[in-house]
Amino acid sequence: RSVPRHYKRDTLLKDLELCGLMGAFDFLYLPWDKRRRSNITFAFVNFATADIARRCFYVLSGRVWSLSPKSKPCRVARAHVQGLRANLESYLSSLEKDDTQE
Numbered sequence: 047r048s049v050p051r052h053y054k055r056d057t058l059l060k061d062l063e064l065c066g067l068m069g070a071f072d073f074l075y076l077p078w079d080k081r082r083r084s085n086i087t088f089a090f091v092n093f094a095t096a097d098i099a100r101r102c103f104y105v106l107s108g109r110v111w112s113l114s115p116k117s118k119p120c121r122v123a124r125a126h127v128q129g130l131r132a133n134l135e136s137y138l139s140s141l142e143k144d145d146t147q148e
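In this text, residue positions in the sequence shown follow our numbering: the first is 47, and each later residue adds one.
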């Protein structure tokens, strides 16, 4: 949570890389608000193991975003959807909803 609004997926990936977390996850989704032309300040990241997820929690919680030092500190929260398959299904479902709302 508290992902800077101007961050795009590539910016978030770069920031996670600077934290030493690149390669630790197999899914990253940064929802985008088409009307505002920005992200909605949170992302979904699926880590390969519970240990890596715990490490992420300690590395990112309260940390100022490297590429946006004046932004709010990062807040890490456990998602309702867990696992790569469930995240992919949820993501695809959200894409279908977006298509029907346009």
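The beta-carbon is built from N, C-alpha and C at its ideal position, and this holds for glycine as well. Treat the numbers as computed from the prediction; the structure is a model and nothing was measured.
Inter-stretch contact at 8 Å, needing at least 3 Cβ pairs: the region 58-74 / the region 89-102: Contact between the region 58-74 and the region 89-102 is present, because at least three Cβ pairs lie under 8 Å.
Original post:
Are the region 111-129 and the region 76-85 in contact at 8 Å, needing three or more beta carbon pairs?
Top reply: no
- Item | Burial state of L61 (16 or more Cβ within 10 Å) | Here the question's residue 61 lines up with position 15 in the sequence shown. According to the sequence as given, residue 61 is Asp; it is not Leu. Classification of D61: buried, given that the 10 Å Cβ count is 16 or more.
Review point. Going along the chain, which residues of its own chain have a beta-carbon closer than 6 Å to the beta-carbon of Y75, five neighbours each way excluded?
Key: Position 29 of the sequence shown holds residue 75. Same-chain partners within the cutoff: F90, Y137.
message: Closest to W78 by C-alpha separation, out of P50, V122, E135, would be which residue?
response: Sequence index remark: in the sequence shown, residue 78 carries index 32 (1-based). The shortest Cα separation from W78 among P50, V122, E135 belongs to P50.
Task: F93: first and last residue of the uninterrupted beta strand (DSSP E) it sits in - done: If you number the sequence shown from 1, residue 93 lands on position 47. First-last of the beta strand (DSSP E) with F93: 90-93.
### Query
Whose C-alpha, out of L130, V105, L134, is nearest the C-alpha of E63?
Residue 63 sits at position 17 when you count from the first residue of the sequence shown. Checked all of L130, V105, L134; the closest Cα to E63 is V105.
In the DSSP output, which residue or residues are listed as bridge partners for S84? Stepping through the sequence shown from its first residue, residue 84 is reached at position 38. BP columns for S84 point to D79.
| Applying the criterion that 16 or more other CB atoms from any shown protein chain within 10 Å of the CB defines a buried residue, is L130 buried or exposed? | As a working note, residue 130 is residue 84 in the sequence shown. It counts as exposed.
- Which of the three DSSP states, helix, strand or coil, is assigned to L67? In the sequence shown, counting from the first residue as 1, residue 67 sits at position 21. Here L67 sits in coil by DSSP.
Where I113 sits in the DSSP three-state scheme = For this step, residue 113 is matched to residue 67 along the sequence shown. Note on residue identity: the sequence assigns Leu, not Ile, to residue 113. Residue state, collapsed to three classes: coil.
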